[in-house]
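So the structure is just underneath, and the comments pick up after that.
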Amino acid sequence: MIRIREVVVVEGRYDRNTLLQAADCAVIETGGFAVFNDREKVALLRRLADTRGLILLTDSDGAGFVIRNRLKSMIGPGLKQAYVPDIAGKEKRKDKRSKEGKLGVEGMSPDVLVKALLDAGATVLGEDAEPRRAAGITKKDFYDLGLSGGRNSSVLRAALLKALDLPSRMSSNALLEAVNLLMTREELAAAVASLPRAEEDGG
């Protein structure tokens, strides 16, 4: 299994599950076309493109290319493109083939996915490199740090969003997803401690 520095963007959870059998990496799901109207997720993708780099890995059918092209125009530079080959077939969990009769990302073997990532220019990390999956920051961590459940938690979250250059309207859940991909638990604690008003939080 290879370790990848970039965050890999896939269409859905089955694609994610298959990819994580081939590569140790952070993964974000678009939820299909839903991502087009999800400003918070697009903002996070833009930030990740700037900080860690993104690799877009969608199905090779028409819908996959619609998602690929729209995201490319929405995110801009920093987006690498990984392509799976056209292979006729049907995923095991499905009753019938897709409209175009092609296997999606979830139907690919680990070897095919690794090749697609390498061909896209993925940055492979060494054996001793820090794992790049989500940091494991939880809602309890948010509570312990005063980012939720406290008197001034909303103020503190707003200050953190500003410090991280993320949209001010991001929900608490979206912020949780973002910090998991942008920093470690220790880095989050340090960032919160350095915020103005952090010491005033009641939670």
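The number in this note's numbering is simply the position in the sequence shown, starting from 1, with 900 added.
By construction, the Cβ of each residue, glycine as well, lies at the ideal position given by its N, Cα and C atoms.
All of these numbers come straight from a predicted model, not from anything done at the bench.
If you reduce the DSSP assignment to three classes, tell me which class residue i lands in.
{"i": "E929", "result": "strand"}
{"i": "D1065", "result": "coil"}
{"i": "D961", "result": "coil"}
{"i": "L1076", "result": "helix"}
{"i": "A1059", "result": "helix"}
{"i": "L1047", "result": "coil"}
Need the endpoints of the alpha helix (DSSP H) that residue i sits in, please.
{"i": "K1040", "result": "K1039 to D1044"}
{"i": "R903", "result": "Per DSSP, R903 belongs to no alpha helix (DSSP H); it is in the beta strand (DSSP E), I902 to I904."}
{"i": "T951", "result": "R939 to T951"}
{"i": "V872", "result": "Because the chain here runs from 901 to 1103, residue 872 falls outside it and cannot be looked at."}
Tell me the residue span of the beta strand (DSSP E) that contains residue i.
{"i": "K980", "result": "L979 to Y983"}
{"i": "T958", "result": "L954 to T958"}
{"i": "V1092", "result": "Counting along the chain, V1092 falls outside any beta strand (DSSP E), though it belongs to the alpha helix (DSSP H) covering R1085 to A1093."}
{"i": "V910", "result": "V907 to V910"}
Looking at residue j and residue i, is the spacing between their C-beta atoms short of 7 Å?
{"i": "L1088", "j": "A926", "result": "no"}
{"i": "I955", "j": "K994", "result": "no"}
{"i": "R967", "j": "T918", "result": "The sequence shown places Ile at residue 967, rather than the Arg named in the question. Contact flag unset, no."}
{"i": "F936", "j": "R913", "result": "no"}
{"i": "A953", "j": "E906", "result": "Reading the sequence as shown, one finds Gly at residue 953 and not Ala. Yes, they are a contact pair."}
{"i": "A1091", "j": "E940", "result": "no"}
{"i": "A1022", "j": "I904", "result": "yes"}
{"i": "L944", "j": "V1005", "result": "no"}
{"i": "R946", "j": "I928", "result": "no"}
Pick from the options: whose alpha carbon is nearest that of residue i?
{"i": "A1016", "options": "M1083, G989, S960 and S1048", "result": "S960"}
{"i": "A934", "options": "V910, K996, L1060 and S1009", "result": "V910"}
{"i": "V908", "options": "G1007, D938, A1020 and G1046", "result": "A1020"}
{"i": "S973", "options": "G989, V942 and L1060", "result": "V942"}
For the ligand PLP, is there any heavy atom lying closer than 6 Å to the beta carbon of residue i?
{"i": "A922", "result": "With respect to the ligand PLP, the structure shown offers nothing to examine, as it has no ligands at all."}
Hey, does residue i have any beta-carbon neighbour from chain D nearer than 7 Å?
{"i": "L1056", "result": "Here there is only one protein chain, and chain D is not present."}
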